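Below is one structure, written out as C-alpha cells, with a few remarks after it.
In the numbering used here, the protein residues as written are 130 to 442.
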C-alpha cells in the first residue's frame, strides 16, 4: 500500500496556540512530517509560518516576547469593528520572511475564516498569506474584520475550530488534529479569589507578571485614554466579570460546543490535546509553557500515531 498522506489540523486557542510549536517539533523529531497543513485562528498563524519553513524564527520570537513586546503589536482603533485593527500584526509577519502568497509555501496550506455576513465557513488556500492569517485570527470583539474578495471575514473558530474537514478536502488520508480547547469550561476567571478548596494533588500554578491597568493605558493613543480609563477591561478582585472575562468565557463556551460537534462528525485519526487550561487566551508572553505542553502531549500520542501509520501503510 502507498504511504498515507498526512494532514495536520491545528486548532484555535489564542495564546494557547504556542503549543502547536511543541507539537510540530516533536512530530518532526519522530520523523513525522505532514503533507498538508491546515489551521484555524492561532493554528493558522503557526501553521502558515510552519508551512513557510519559518517555524524556528517564530519560536525564537515567541520565547523572547514579554507582555510589553506583545502589547507593541496592539494598534487600538475602536472605529474598525474591534478593539485592535491588526495592521501591526500583519507588518510583524513580514519580519518572519514568509512568502507573499499561499501558493508559494513549502507545504500546501489552508486557513479557515468565517464570512461575517452569511456565517459561511471560508477556506483560504490561495492568495496573500498574511491576509489569510489575519482573517483567520480576527477574534470578534478583539480584532476588526478584514475584507478579502468582497467578503468581511472574521475568526474561523466561529465555524470550524479544528479544520479536519479542510485537511481531508486537500487530500489527506491520515489526519492528526490538535485541540487546544479541552477542559476550558469552568476555568477560574481572572482575578477571582482562591476558595481554598482545591485538591491537594492539583499542581501549583505558575506565577507570571501581568500588565496592570496603568501600563496598559499608557500604551493607548492619547485620544483614547480618557475613554478607556473608565472602561473595565479586566476583572478586579471581588467584582463582577469585566469585558474580557465575559467575552473570552463566552467564546470558550461557544468553541467547546462547536468543537465537540465537528469532531463527532469529522473525527481525525489522532487527536492531540495539550494540557493548557492554565494559559489564558491573552497570555501570549507564556510561549515556553505552551510549547512544553504541546511537546509533552505529542510524546504521549506518538505510539498511537506510529502504530496507526504502520497499519495504514
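For every residue, glycine included, the Cβ atom is placed at its ideal position computed from N, Cα and C. Values in this document were obtained by computation on a predicted structure and should not be read as measured data.
Compute the Euclidean distance between the alpha carbons of residue 201 and residue 215, then round it to the nearest angstrom. Here residue 201 is taken as the residue at index 72 of the chain shown, counted from 1. Here residue 215 is taken as the residue at index 86 of the chain shown, counted from 1. Cα to Cα, residue 201 sits roughly 11 angstroms from residue 215.
Three or more C-beta pairs below 8 angstroms linking the segment 414 to 431 and the segment 155 to 162: yes
Going by DSSP, what residues sit across from residue 280 in a beta bridge? The sequence position of residue 280 within the chain shown is 151, counting from 1. For residue 280, which the question treats as bridged, DSSP gives the partners 277.
Under the three-state reduction of DSSP, which class applies to residue 226: helix, strand or coil? As a first step, residue 226 must be located in the chain shown, where it is residue number 97. Residue 226 falls in the coil class under three-state DSSP.
Between 170, 180, 304, 152, which has its C-alpha nearest residue 143's C-alpha? Translated into the one-based positions of the chain shown, residue 143 becomes position 14. Per the Cα distances, 170.
Can you tell me where the alpha helix (DSSP H) holding residue 198 begins and where it ends? Walking along the chain shown from the start, residue 198 turns up at place 69. It spans 196 to 200 - the alpha helix (DSSP H) in which residue 198 sits, taken as one unbroken run.
Nearest by alpha-carbon distance to residue 407: which of 259, 437, 375, 145 is it? One-based indexing of the chain shown puts residue 407 at position 278. Among 259, 437, 375, 145, the Cα nearest to that of residue 407 is on 145.
Residue from 248, 233, 279 with nearest C-alpha to residue 259: By 1-based counting over the chain shown, the position of residue 259 is 130. Of the listed residues, the one whose Cα sits closest to residue 259 is 233.
Just the C-alpha distance for residue 203 and residue 269, rounded to the nearest angstrom, thanks. On the chain shown, residue 203 is found 74 positions in, with the first residue counted as 1. On the chain shown, residue 269 is found 140 positions in, with the first residue counted as 1. Near 15 angstroms, if we compare the C-alpha coordinates of residue 269 and residue 203.
Closest residue to residue 222 among 195, 191, 249 (Cα-Cα distance): Position 93 of the chain shown holds residue 222. Selected option, being the one with the closest Cα: 191.
Host beta strand (DSSP E) of residue 240 (start-end): For the purposes of this step, residue 240 is taken as the residue at position 111 of the chain shown. Per DSSP, residue 240 belongs to the beta strand (DSSP E) from 238 to 244.
Can residue 239 and residue 134 be called in contact, C-beta distance under 7 angstroms? Start at 1 with the first residue of the chain shown, and residue 239 comes out as number 110. Start at 1 with the first residue of the chain shown, and residue 134 comes out as number 5. Against a cut-off of 7 angstroms, the Cβ pair of residue 134 and residue 239 comes out as no contact.
With a threshold of 6 angstroms on Cβ separation, who are the neighbours of residue 181 within its own chain once the five nearest residues in sequence on each side are excluded? For the purposes of this step, residue 181 is taken as the residue at position 52 of the chain shown. If we look at residue 181 and ignore the five residues flanking it on each side, its Cβ neighbours are 227, 228, 234.
Tell me, please, whether the segment 395 to 405 touches the segment 247 to 257 by the rule of three or more beta-carbon pairs shorter than 8 angstroms. no
Simplified DSSP state of residue 160, which is helix, strand or coil: Here residue 160 is taken as the residue at index 31 of the chain shown, counted from 1. In the structure shown, residue 160 sits in coil (DSSP, three-state: anything other than H, G, I, E or B).
Short check: CB of residue 183 to CB of residue 139, under 7 angstroms? As a working note, residue 183 is residue 54 in the chain shown. As a working note, residue 139 is residue 10 in the chain shown. The answer is no: Cβ separation not under 7 angstroms.
Whose C-beta lies closer than 8 angstroms to the C-beta of residue 165 among residues of the same chain, with five residues either side of it excluded? By one-based count along the chain shown, residue 165 stands at place 36. Cβ neighbours of residue 165 beyond the five flanking positions: 134, 135, 136, 137, 236, 237, 238, 239, 296, 299, 300, 301.
Would you mind sorting residue 185 into buried or exposed? The rule is 16 or more other CB atoms within 10 Å of its CB. As a position in the chain shown, residue 185 is number 56, starting the count at 1. Looking at its Cβ environment, which holds fewer than 16 other Cβ atoms inside 10 Å, residue 185 is exposed.
Can you have a look at residue 275 and say buried or exposed, based on whether 16 or more other CB atoms are within 10 angstroms of its CB? In the chain shown, residue 275 corresponds to position 146, counting from 1. Buried, because 16 or more other Cβ atoms sit within 10 Å of the Cβ of residue 275.
Just mark residue 388 as buried or exposed, buried being the case when its beta carbon has 16 or more other beta carbons within 10 Å. The sequence position of residue 388 within the chain shown is 259, counting from 1. Under this definition residue 388 is a buried residue.
Give the single residue among 441, 436, 422 whose Cα lies nearest to the Cα of residue 148. Here residue 148 is taken as the residue at index 19 of the chain shown, counted from 1. Out of 441, 436, 422, 422 has the C-alpha closest to the C-alpha of residue 148.
Can you check whether the CB of residue 290 is closer than 7 angstroms to the CB of residue 167? For the purposes of this step, residue 167 is taken as the residue at position 38 of the chain shown. For the purposes of this step, residue 290 is taken as the residue at position 161 of the chain shown. No. Outside cutoff.
Suppose you measure from the CA of residue 440 to the CA of residue 386; what does that come to, to the nearest Å? As a first step, residue 440 is located in the chain shown; it is residue number 311 there, counting from the start. As a first step, residue 386 is located in the chain shown; it is residue number 257 there, counting from the start. Their backbone Cα atoms lie some 32 angstroms apart in a straight line.
Is residue 286 closer than 7 angstroms to residue 264 when the C-beta atoms are compared? Sequence index remark: in the chain shown, residue 264 carries index 135 (1-based). Sequence index remark: in the chain shown, residue 286 carries index 157 (1-based). Result no, Cβ atoms of residue 264 and residue 286 do not sit closer than 7 angstroms.
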